[in-house]
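Report on the following structure.
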Amino acid sequence: MKSIIKSEQVSFQYLHSKAPFLKDINFEVYPGECVLICGASGSGKTSFSRLLNGISPNYIEGNLSGNMHTANLNAGEADIEEYLPIVGSVFQNPKTQHFTVDTTSELAFPLENIGMELDDIRQQIQNKAVSFQISHLLERNIFKLSGGEKQQIAFVSANMLEPSILVLDEVTSNLDQEAINRISKMVKNLKKKNITIILFEHRLSWAKDFVDRYILFEEGKIKNEWSASEFNKITNDELHYLGLRSMNLSPYREDIQEKTNLLTSREKGMLQTKDLEIGYPSHKVLSRVNLNFQSNKIIGLMGENGTGKSTLANTLTGLQAPISGEILWQGKKMSPKQLIKKSFLVMQDMNYQLFSDSVENEILLGSKHPEYLEEVIETLNLSPYRKRHPMSLSEGQKQRVAIASAILSGKELIIFDEPTSGLDYLHMERFGQLLERLKTTKRVIVIITHDEELAAKWCDSIIHLKK
Amino acid sequence: MKRVLDPRVKLLLLILAAVYISIQLSFPIELILVFIYIGPYFLAGLYSLAIMFLLIYFSQLLLSQFLVSHMNHAFVTYILSFLVFGLRSLLPSMIAGTYSIKTTTVSEWIAAFKKLYFPNWLLIPLAVIARFFPTIREDYQRIRQAMAFRGVGTNLWDLVKHPIQTLEYLLIPLLMNATQVAEDLTISSLTKGLSLSGKHTSIVPLKLTLYDWLYVVLAFIPLVLHLGGVYL
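Shown next, in the form of structure tokens:
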């Protein structure tokens, strides 16, 4: 059989970078195969995915050597438009890959661009909506969809032109388990239709039913290759050693169960809620919320999308007033204004919360205890970067800067929103260790997360929100 | 029934508004211009916005009368004349711009740009910009929240005391985020064929109606009156 993707001695160096990012990549993929390319952040996964769908070196430029064939196209020679009927692409961030603002136009978009007649476009949208089971999402405002629904639309939109190859670049990293299951089902169905699928992932467990082959990238090179049956024999510990997330999540799920039951303890916490009703008067999200948050503990806040995790976090931090009920801090009733002063929400999107021109100024902005600057910089390993511009840091470093500023501004309630989505095993572990250190200080620490490995390993107790 | 102008007519209104800034219209013509520009708001059901713009305009008119006859304090006159004369000439642009943003979806912009045969190098950045407005609205709220936790720019007083600083706190994350979003959006549009040459179709029906043609004519009236030297 002839391969559909063939990489011969491929090396790639970004424009303006000093060293090649990908080195001597050799492998082939056959039609209908599903190959998962894994590796830690910075191992070259995304760079390689861009060579498959023509984005590099066409749009994101660089020096390519070797031969990178995708079907009959050769990277560096073919125009980006030639890839259109052959490769469909879905990307990591659900927020920035939709070009229109309503779902039907989004699905129509690729069809309009090839100049399809209007009646055919409508027919094609109906067909695809039925076969991907997303008819209920048609004619909706994309900004009002959940992350999972946005990703489903992106997935169908990438399949509107019926490409024979699908490139999925960490498409599940921002999603909860239910949304991942829906994406997983879509991939499985395409596999049955003999579509070639290349997954770039460091979360592995959701894809184990349909992946044929696993390839490990490390520092821009292929480090190892396994068939599915070989790979399934690898233990979680061995995977962690390679920087990969677990294949088998069931032990973690058991731990989470246990930690959820811990919450019944009657011990009085620093932060308490009493008959809290949250949401908006027209749309109540949760009612009768009676929770107890102790200090010196890491508390996980879990539950599917739409169960009110963010609304609860916004209410606890004072961004949003409760409809009724009370929030008590050490037994004293707090107003939203007082809560904002006490709390800090570390957002998933770090770029929203960096304001200054150097790490040092960033940490000192609005700080109450500048005298601890040296100590905090030291503990959080930020000394090499103190003069750097915060925006030039990696996501993990930005996160540490945010934590540093929360500490210096004397905040006693720190809530993290999905801190480890998109992190590989090593970086997730590092974040866990950071939490461990943070909890020795007298603070209430809450983690909103879908990350079962993080929750099982590093949280002391877990609140599970249900509808 | 609500009626909205065709995006191409909105573009025409925007371009003509820029022309009207650069020529000095006499007062009666300016008045006609403002009424012509505010008309589409009422047909689109944007009553409160229309009334707000009219209130701004008439208070500018009143103030200008007051300014001419009563003011002799140099600094206050300077500030007031900026509000009254400077911003007044910008008002038609603001009216047309707000209307365009409020009533046009990204798909409609793209459809209009394609109908006008915009070349790719113009079409793609314009489409990305049109796609930006709803994103910026979301970003703005998140950034305000992040500022609240840092205790900066939380109230109006901060804005008065340190206007530049507060603006900077808002703009830096907004722009930094914008560059990332722009790149992501461009990549995703390229993988979906926005840059394909050849005829593109559109599921957004764009047809010029009688209303649109009427506005094409109306929009030129102030210019014709001005060039014709009519002073009414």
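These protein sequence lines map, in sequence, to chains P and L. Taking full-length UniProt numbering, the leading residue of the first sequence gets 1, the next gets one more, and so forth. Taking full-length UniProt numbering, the leading residue of the second sequence gets 1, the next gets one more, and so forth. Glycine included, every Cβ here is placed at the ideal spot set by N, Cα and C. For clarity, every value in this text was computed on a predicted model and none was experimentally measured.
Limits of the beta strand (DSSP E) - the one that residue 69/P falls within
Here the beta strand (DSSP E) through residue 69/P covers 62–70.
Secondary structure at residue 23/L, three-state DSSP: helix, strand or coil?
-> Secondary structure at residue 23/L: coil, using DSSP grouped into helix, strand and coil.
Legend entry - Under 9 Å from the C-beta of residue 349/P: neighbouring residues of chain L: For a Cβ distance threshold of 9 Å, residue set 139, 142, 177 of chain L lies close to residue 349/P, ordered along the chain.
Margin query: Using a Cβ-Cβ cutoff of 8 Å, what residues of the segment 194–220 of chain P are near chain L? List them in chain order.
Written below: Shown here is that no member of the segment 194–220 of chain P has a Cβ falling below 8 Å from a Cβ of chain L.
Practice problem: For residue 468/P, I'd like the list of residues in its chain whose CB is within less than 8 Å of its CB, leaving aside the five on either flank, ordered along the chain. | Solution: The requested residue 468/P does not occur in the structure, where chain P is confined to residues 1 to 467.
> Does the pairing of the segment 108–127 of chain P with the segment 178–197 of chain P give three or more beta-carbon distances under 8 Å?
Replying inline: Contact between the segment 108–127 of chain P and the segment 178–197 of chain P is absent, because fewer than three Cβ pairs lie under 8 Å.
- [ ] Could you please give the first and the last residue of the uninterrupted alpha helix (DSSP H) stretch that includes residue 272/P?
- [x] Segment 271–280 is the beta strand (DSSP E) holding residue 272/P; no alpha helix (DSSP H) there.
field: Sheet register partners of residue 388/P (DSSP bridge)
entry: In the DSSP output, where bridge partners are listed per residue, residue 388/P has none listed.
(message) Going by the DSSP bridge assignment, what does residue 196/P pair with across the sheet?
(response) DSSP, once it has assigned bridges, lists 165/P as partnering residue 196/P.
- So, residue 137/P versus residue 301/P, is the Cβ gap smaller than 8 Å? Contact flag unset, no.
**OP:** Kindly indicate the opening and closing residues of the alpha helix (DSSP H) around residue 400/P.
**Re:** Looking at the DSSP string, the run of the alpha helix (DSSP H) that includes residue 400/P is 395–408.
Open item on the list: Could you tell me the alpha carbon to alpha carbon distance between residue 58/P and residue 75/P, rounded to whole angstroms?
Closed with: One C-alpha to the other measures close to 8 Å.
Problem - Members of the segment 165–176 of chain L that neighbour chain P once the beta carbon cut-off is set at 7 Å - result: If the cut-off is 7 Å between Cβ atoms, the segment 165–176 of chain L has 169, 172, 173, 176 near chain P.
### Task
Inspect the beta-carbon positions of residue 289/P and residue 171/P and report whether they are closer than 8 Å.
When the beta-carbon positions are compared, residue 289/P and residue 171/P stay at least 8 Å from each other.
- Query: Is the CB-CB distance between residue 239/L and residue 25/L below 8 Å?
  - Reply: Residue 239/L lies beyond the stretch modelled for chain L, which goes from 1 to 232, so this question has no answer here.
Is the separation between the beta-carbon of residue 179/L and that of residue 124/L shorter than 8 Å?
For the pair residue 179/L and residue 124/L, the CB atoms are not nearer than the 8 Å cut-off.
Inset, instruction - Kindly say whether residue 478/P, judged by its beta-carbon, lies nearer than 8 Å to any beta-carbon of chain L. - result: This structure does not reach residue 478/P, given that chain P is present from 1 up to 467, and the question cannot be answered.
With contact counted as at least three CB pairs below 8 Å, one residue from each stretch, are the segment 198–211 of chain P and the segment 127–147 of chain P in contact?
With a cut-off of 8 Å, the segment 127–147 of chain P and the segment 198–211 of chain P do not count as touching, because too few Cβ pairs lie within range.
For residue 296/P and residue 413/P, the rounded distance between their alpha carbons
Rounded to whole angstroms, the separation of the alpha carbons of residue 296/P and residue 413/P is 11 Å.
Exercise for the section: Please look up how many angstroms separate the CB atoms of residue 146/L and residue 391/P, rounded, as I've assumed it's under 8 Å. Expected result: Not confirmed; about 14 Å, so no contact.
inquiry  = Run through chain P and tell me which residues come within less than 7 Å of residue 200/L, C-beta to C-beta.
reply    = Neighbours of residue 200/L on chain P, chain order: 112, 113, 115.
Runs of alpha helix (DSSP H) lying entirely within the segment 137–223 of chain L, each at least 4 residues, in chain order: If we require 4 residues or more, the alpha helix (DSSP H) runs fully inside the segment 137–223 of chain L come out as 156–161, 163–190.
Inset, instruction - Check residue 348/P in the structure and name its three-state DSSP category. - result: The three-state secondary structure of residue 348/P, taken from DSSP, is coil.
- Task: With DSSP as the reference, label residue 13/P as helix, strand or coil.
- Result: In this structure, residue 13/P counts as strand in the three-state DSSP scheme.
| query | From this set, 99/L, 67/L, 117/L, which residue's C-alpha is nearest residue 84/L's C-alpha? | reply | Here the closest residue by C-alpha is 67/L.
- Query: What's the call for residue 148/P, buried or exposed, on a 16-neighbour Cβ count within 10 Å?
  - Reply: Label assigned to residue 148/P: buried.
Helix or strand or just coil, what does DSSP make of residue 213/P? Reduced to three states, the DSSP call for residue 213/P is strand.
Counting only beta-carbon separations shorter than 8 Å, does residue 300/P have a partner in chain L?
No, no contact with chain L.
**Message:** Looking at the strands, I want to know which residues DSSP matches up with residue 6/P.
**Reply:** Partner(s): 28/P, 69/P.
*asked:* Any C-beta of chain P within less than 7 Å: which residues of the segment 88–113 of chain L qualify?
replied: Legend: CB atoms of the segment 88–113 of chain L lying less than 7 Å from CB atoms of chain P belong to residues 105, 106, 107.
> Quick one, are the C-beta atoms of residue 189/L and residue 100/P less than 8 Å apart?
Replying inline: Not in contact: residue 189/L and residue 100/P (Cβ atoms no closer than 8 Å).
**OP:** Determine the chain L residues that contact residue 101/P at a beta-carbon separation under 9 Å, and present them in chain order.
**Re:** Chain-ordered, the chain L residues with CB closer than 9 Å to the CB of residue 101/P read 105, 106, 107, 131, 134.
Q. From 35/P, 152/P, 3/P, 22/P, pick the residue whose C-alpha is nearest to that of residue 523/P; which is it?
A. Because chain P is modelled from 1 through 467, residue 523/P falls outside the range shown and cannot be assessed.
Proximal chain P residues relative to residue 180/L, where beta-carbon distance stays under 8 Å = Chain P residues near residue 180/L: 96, 351.
Check whether the Cβ of residue 21/P lies closer than 8 Å to any Cβ atom in chain L. Judged by the 8 Å Cβ criterion, residue 21/P is not in contact with chain L.
(Q) Do residue 101/L and residue 105/P count as a contact pair if the criterion is CB distance below 8 Å? (A) Judged by beta-carbon spacing, residue 101/L lies beyond the 8 Å limit of residue 105/P, meaning their Cβ atoms are not closer than that value.
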